[in-house]
Amino acid sequence: MSGSATRDRRESFGDDGGARARILARVTRATTLRDRLRHPGRLESPAPPDPAATFVKRFTSQGGEVATPDPDRSPRDWLTSFLEGLGDDVTTIAIGADVPTRLQPRSPDVPPADAGTAREESPGQLHYLIAPAVSRNSVEPMRHVAPAAQAAVGVSLAWGAVAETGSLILPSTGTRAVQLLPPVHIVWVPADRVFARLEDALIELQPRLPAGVGLHSGPSKSADIGQTVVTGVHGPGRSIAVLEG
Amino acid sequence: MSARIGDYATRSREAIRNHPEVRTAVTGATVAFDEKRRRAYGEVDADLWRRWAEAVKNHLLTHLGDYLVEAEARLEANGAHVHWARGADEAREIVLELASRHSVRSVVKGKSMLTEEVELNPALERAGIEVYETDLGEYILQLLDEPPSHIVGPAIHKTLEQVQRLFADRLETDPGGDPDELARAARGVLRDAFINADMGITGGNFLVAETGTVALIENEGNIRLTTSLPRVHVALVGIEKLLPRMSDLAGFLQLTSRAATGQSIGCFVSLVQGPAAAPGDDGPEEVHVILVDNGRTDVLVHEHAWEALRCVRCGACLNTCPVYRQTGGHAYGWVYSGPIGSVLDPGLLGLHEAMPLPFASSLCGACFDACPVRIPIPELLLAWREEAQQQGLTPWKERAALAGLANVATRPPLYRLAGRVGTRLGAARAARKLPMLGDWSNDRSLPSPSPRTFRQLWREGIK
Ligand code: SF4
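So the sequence lines, in the order shown, correspond to chains A and G.
Residue numbers for the first sequence, in this note's numbering: 1 to 245.
Residue numbers for the second sequence, in this note's numbering: 1001 to 1463.
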């Protein structure tokens, strides 16, 4: 196996001193000094029972919130009144690029529009900003960052959730700025994709990994000032999961 | 942060005599961390998890070349660029070259001990680049121009009053502002920095070879932002940070979080595979991973010290250490302090440079009990002491202490007795045996050491 480690290849940029070859040669020499030890296989940890209930328990114990949609109303109607209930100062909502229309709030008079630019709205009226569903490479880089930074609430769609750790799994095929910048983050979670264990979720996700994945397990926290816990330091101060379907 | 370890004893005494607030702050924070870690270990089969993690890292370290090559290939397949740096100078050069190629004027950083180790910030600043540390603790220290004193809580040695004064002075907050108000002020400055930065720089807790995934654990969300908003993301990763498989990552994320802060997992975990390349994906245009050696291969060839490369930098050994709790991290004189610093620094810097750190321990064994990857720190300390003695590096005081220890160790009944007495009387008594820090023995607030003596641990085969 050590042959592959030292095989000749193009050196990366910045590597004119042959750093790669030399590091690998030293590593290979070190590994000849002792027995090669075996991988122990999977960590056997018990799967928590009833993943959905365990997720709710863990996520809330970590400071997250869980909202339950009204089964008699459509998800979008429920979300619209939920947002209105957040207060008069909540007027600007940023919506992730991968949130399907049926999970987007209803817009009172403006159609959910091209969102690159923010518009003035009268207080109390929801205003929607939908992140463009395109890669950063093909649009102007900061296009959806600026609007998301102005929004009071971000709405995202999770790929799934984990009971064991109370985590939401947020893929970068959503909109990262929407997942991170608004002070309140509302996350739809497909109820049939709450995994018992983190390992189960990561293995399921492995063949379809996007550029980035965020595990969000409650609101942003810090105890760096005088050992006192404060929330909403950089990321969202409120993280609200909504199990759907 | 350049190493200045030699006058450890003087700095320790100074810290204890002249800065009682440091001891109060550090002891308070570490005792709290340590209690949370114990509770979190109690919720799972910690013994099984730790043995598993130890075995995964041992497998990794004895197959490291293969996994480095696999990680590189996966990252490149994901569209990321991979660079290799033998030393601090090469690591800095690579970052500076990338910064100049992208006309970078402003950088946001996530907390990274490796970037401290290679002294990246001063190099960026000399190149006229604005650098923002975005972890709240690191930001405080950047304003104060101080190095971190703890690998997880970099500013735990600072009191609320000190931060109030600093922020009132620099950010014009109310001098009596509460932590919420102070954090809001910092958030305001750093929010602008995130939105305007051209480059994000982070370390990496793990790098999964199988998928080319750089994994980062945090609580504030600043690392998520650093790896998401700027056009270019650069991650500096020590070559020992690899994990073979994605399934390993699940266990390591949880175990590391439990060991560090007692959480089942950090509030935010970033899994970075590469740049946003596919249509509909969002993220940086370029991702660069710099694989850094900087002394790690020297540690890897060392007969004993190689085991310290299992370290996941959770800080649990610092939190539980009666010696660290007294002085905080600055006394140790380099990036890695506390028990892990005392065994890693001699390997990374050379024993001569790191003297007398291997002697800064009472060998109480608490660090081994806390360590999620079961690094036999007391045993490694003894190995370094022996090496120091052979090289004639030990000053007389330490040699006397070492001779005393060797003397009882060769007479088992006496040693057993001495060990048991030490444990029963608690750490105040054990501290009196510390070679250089007589002042500590007056302290009554020392935490209890491991209920097992080092000798018991040894007999149980901590190796
Ligand atoms: S030596 Fe062990 S306990 Fe100490 S920081 Fe490293 S992993 Fe954590």
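The beta-carbon is built from N, C-alpha and C at its ideal position, and this holds for glycine as well.
For clarity, every value in this text was computed on a predicted model and none was experimentally measured.
For the region 190-210 of chain A, the residues whose beta carbon sits under 9 Å from a beta carbon of chain G are, in order, R197, L198, E199, D200, A201, L202, I203, L205, Q206, L209, P210. The nearest non-hydrogen atom of the ligand SF4 is 7 Å or more from the C-beta of A/I225. A Cβ of chain A is located within less than 8 Å of the beta carbon of G/A1085. Excluding residues up to 5 positions away in sequence, I1375 lie with their Cβ nearer than 6 Å to the Cβ of G/E1307 in the same chain.
In the DSSP secondary-structure assignment, G/K1109 is bridged to G/E1133, G/I1201. In this structure, the CA atom of G/H1330 is about 43 Å from the CA atom of A/T173. The beta carbon of G/T1256 sits closer than 7 Å to those of N1205, I1217, V1312, C1314, P1372, all from its chain and outside the five residues before and after it, given in chain order. One Cα belongs to G/R1258, the other to G/R1050, and the distance between them is close to 11 Å. Excluding five sequence positions before and after G/L1242, the CB atoms of its chain that fall closer than 8 Å to its own CB belong to L1060, L1064, Y1067, L1068, A1071, F1206, L1207, V1208, A1209, given in chain order.
G/G1177 has its alpha-carbon roughly 40 Å from the corresponding atom of A/W159. Listed along chain A are A211, each with a C-beta nearer than 7 Å to that of G/P1275.
For a cut-off of 8 Å, the C-beta gap from G/G1238 to G/L1114 is around 6 Å, short enough to register as a contact.
For the alpha helix (DSSP H) assignment, the uninterrupted runs of no fewer than 4 residues enclosed by the region 1166-1221 of chain G are, from N- to C-terminal side, 1179-1196. DSSP, reduced to helix, strand and coil, places G/K1036 within a helical segment of the structure shown.
Under the Cβ criterion (8 Å, minimum of three pairs), the region 79-90 of chain A counts as touching the region 143-153 of chain A.
From the beta-carbon of G/S1361, no residue of chain A is found nearer than 9 Å; the closest lies around 26 Å away. One Cα belongs to G/M1355, the other to G/P1346, and the distance between them is close to 7 Å. Under the 8 Å criterion on CB atoms, G/F1368 is classed as non-interfacial with respect to chain A. At a cut-off of 8 Å between C-beta atoms, G/M1246 counts as an interface residue with respect to chain A. Closest in alpha carbon position to G/I1195, among A/H216, A/A201, A/L180, is A/L180.
The criterion of a C-beta distance shorter than 8 Å is satisfied by G/L1393 and G/H1352.
Annotation: the continuous beta strand (DSSP E) that includes A/I186 extends over 184-190.
In the structure shown, the three-state DSSP call for A/I240 is strand. Within the DSSP bridge table, the entry for A/T231 names A/K221 as partners. The DSSP-derived three-state label of G/H1081 is strand. For G/V1108, the CB stays at least 7 Å from every heavy atom of the ligand SF4. Taking the C-beta atoms as reference points, G/A1388 is found no nearer than 8 Å to G/T1320. Distance from the CA of A/G245 to the CA of A/T54, rounded to the nearest whole angstrom, comes to 17 Å. Here G/P1275 carries a coil assignment [DSSP, helix/strand/coil].
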